[in-house]
């Protein structure tokens, strides 16, 4: 048997069986297990908690996301998600170039506060050229200017029981039959106090454009784009994410995306 | 113990039917099947993730206002109004309707990179694709670490995977034998097998793991040097994709060779560890 003769029929039979198994698999054989109601889906999603814990272990709390030189800004910041909110309260603010805008901070803080855009612009600012990574797979480098979120948290004095920062937004996202819901997001206090986490009002040396989240959006440079809420209305410190949306911590999280988007 | 002693100590003699030898240790067999299952799900969920933005670039970012694209699969409208799926590689576009860029029933086509039969779930669902991908990625990486450490300790790596100088000298003969479909089953890997397995296990597996980690914005803060090694996040994403394509090619050849070499004996050896070698007929080997 050291010589070998191809048994073409046998090979084609096996290859055909293998190919049809592959075809079946993709063709929806697994779809039922993967829907958001399936317990299999919950088991699979548990790997995301492992990823979160391992990344928090490997990444220093203050480790910086890579920053780039200004010459690497080669294009405008690519807008995605909501790009032109039509909510009445937002339109009213936009009409007056956000002169009446006030960002609030409340929830589990000693001193609830609110800030006008000018007040925010007069606070010590941070400018950083960073890469924005969309969950879809693309990346875009832009220059961002804003107030470190840590500064705002310190002024409002976060209560010890607070574990999350929740961002409430002006833009509504269409959910088809279930109507529309306001965008929201949340992060832990490690990312909230990270030196590159800023409430940005400027992008590429201009005032933040509406498509990119005017008047104010958050930058969370060690996570994906959907975490970086745009059109921020207010910030809330919370001990649990259960009361917001469907309780998963964000608009996209409620639709099945992972809460920790450092991957 | 020499290699020969090691093999002979595990021999059972079966007259002229050839010998049954213990060929695959338990670590090899377990990691083989962990990879087989994990890679199946990683491939189909990876194509789902790719479909969310079916375009690859070279560099740190994706060019929307400049062109650094190397591959895309998009539906596009021709001048006559006809919509087709096109695959564009290094600026050259090819019509790939039915497979890449546009697929599904002709009266109700989907505009998507890879077709429904190649993705998990079959419909567009990036969130679920990512959940599947990151679940099986942990198993894939764990199996790699187990295999690497076990193979280093047992000597499997040095003995069976890394080609020796003698193997390299025998490369031309092995090549010509394979081209004539003349295979020798003496229980040891020939030089082409060693090169294929070394390429997959020691080059493509580490590359696909590291480029995957390079795409993580969190890990970019911890290990920024990975971005320099791979030339930016978007290049890393492209390398990740190329590694996937190479693994698919390896899989096809792997299955072909298993079928060609005797699927029952091969399957038995990767499940139970025991493999039947060819009977000793030295003169045929040199014919």
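Protein chains in written order, with full-length UniProt numbering: chain A, 1 to 263; chain B, 1 to 287. Even for Gly, the Cβ is constructed at its ideal location relative to N, Cα and C. Nothing here was measured: the structure is a model prediction, and the numbers come from that model.
Roughly how many whole angstroms lie between the Cα atoms of residue i and residue j?
i	j	result
residue 85 of chain B	residue 63 of chain B	21 Å
residue 74 of chain A	residue 131 of chain A	12 Å
residue 34 of chain B	residue 48 of chain A	20 Å
residue 109 of chain A	residue 99 of chain A	26 Å
residue 243 of chain A	residue 249 of chain A	9 Å
residue 138 of chain A	residue 140 of chain B	25 Å
residue 54 of chain B	residue 93 of chain B	14 Å
residue 81 of chain B	residue 114 of chain B	23 Å
residue 315 of chain B	residue 118 of chain B	No answer is possible for residue 315 of chain B: the residues shown for chain B start at 1 and end at 287.
residue 258 of chain A	residue 59 of chain B	27 Å
residue 165 of chain A	residue 39 of chain A	29 Å
residue 251 of chain A	residue 68 of chain B	32 Å
residue 83 of chain B	residue 53 of chain A	46 Å
residue 263 of chain A	residue 97 of chain B	32 Å
residue 108 of chain B	residue 146 of chain B	47 Å
residue 175 of chain B	residue 250 of chain B	17 Å
Distance cutoff 8 Å, beta carbons only. Does residue i sit that close to anything in chain A?
i	result
residue 60 of chain B	yes
residue 266 of chain B	no
residue 108 of chain B	no
residue 92 of chain B	no
residue 229 of chain B	no
residue 257 of chain B	no
residue 190 of chain B	no
residue 19 of chain B	no
Is the Cβ-Cβ distance between residue i and residue j less than 8 Å?
i	j	result
residue 208 of chain B	residue 244 of chain B	yes
residue 107 of chain A	residue 204 of chain A	no
residue 196 of chain A	residue 65 of chain A	yes
residue 101 of chain B	residue 75 of chain B	yes
residue 222 of chain B	residue 58 of chain A	yes
residue 51 of chain A	residue 136 of chain B	no
residue 223 of chain A	residue 218 of chain B	yes
residue 105 of chain A	residue 152 of chain A	yes
residue 180 of chain A	residue 146 of chain A	no
residue 215 of chain A	residue 156 of chain A	no
residue 184 of chain A	residue 231 of chain A	no
residue 277 of chain B	residue 167 of chain B	no
residue 205 of chain B	residue 144 of chain B	yes
residue 198 of chain B	residue 214 of chain B	no
residue 103 of chain B	residue 88 of chain B	no
residue 226 of chain B	residue 246 of chain B	no
residue 56 of chain A	residue 190 of chain A	yes
Would you say residue i faces chain B, with C-beta separation under 8 Å as the test?
i	result
residue 108 of chain A	no
residue 66 of chain A	yes
residue 144 of chain A	no
residue 257 of chain A	yes
residue 263 of chain A	yes
residue 49 of chain A	no
residue 37 of chain A	no
residue 78 of chain A	yes
residue 246 of chain A	no
Rounded to whole angstroms, how far is the Cβ of residue i from the Cβ of residue j, which I believe are closer than 8 Å?
i	j	result
residue 194 of chain B	residue 161 of chain B	6 Å
residue 271 of chain B	residue 29 of chain B	7 Å
residue 167 of chain A	residue 238 of chain A	In fact, because the Cβ distance is near 11 Å, the residues do not count as touching under 8 Å.
residue 132 of chain B	residue 40 of chain B	Not quite, the Cβ-Cβ distance comes to about 11 Å (not below 8 Å), so this is no contact.
Along chain E, which residues have their Cβ under 7 Å away from the Cβ of residue i?
i	result
residue 193 of chain B	Looking for chain E here will not work: the only protein chains present are A and B.
Check: At which residue ranges does the segment 14–79 of chain B contain complete alpha helix (DSSP H) runs of 4 or more residues, listed in the order of the chain?
Finding: DSSP runs (the alpha helix (DSSP H)) wholly in the segment 14–79 of chain B: 26–51.
- What are the start and end residues of each continuous alpha helix (DSSP H) run of 4 or more residues lying completely inside the segment 204–264 of chain B, in chain order? Runs found: 205–214, 217–222, 225–230, 233–261.
What ranges does the alpha helix (DSSP H) occupy inside the UniProt domain "Oxidoreductase molybdopterin-binding" (97–239) of chain A, keeping only unbroken runs of at least 4 residues that lie completely in it? Correct list: 117–121, 149–156, 189–192.
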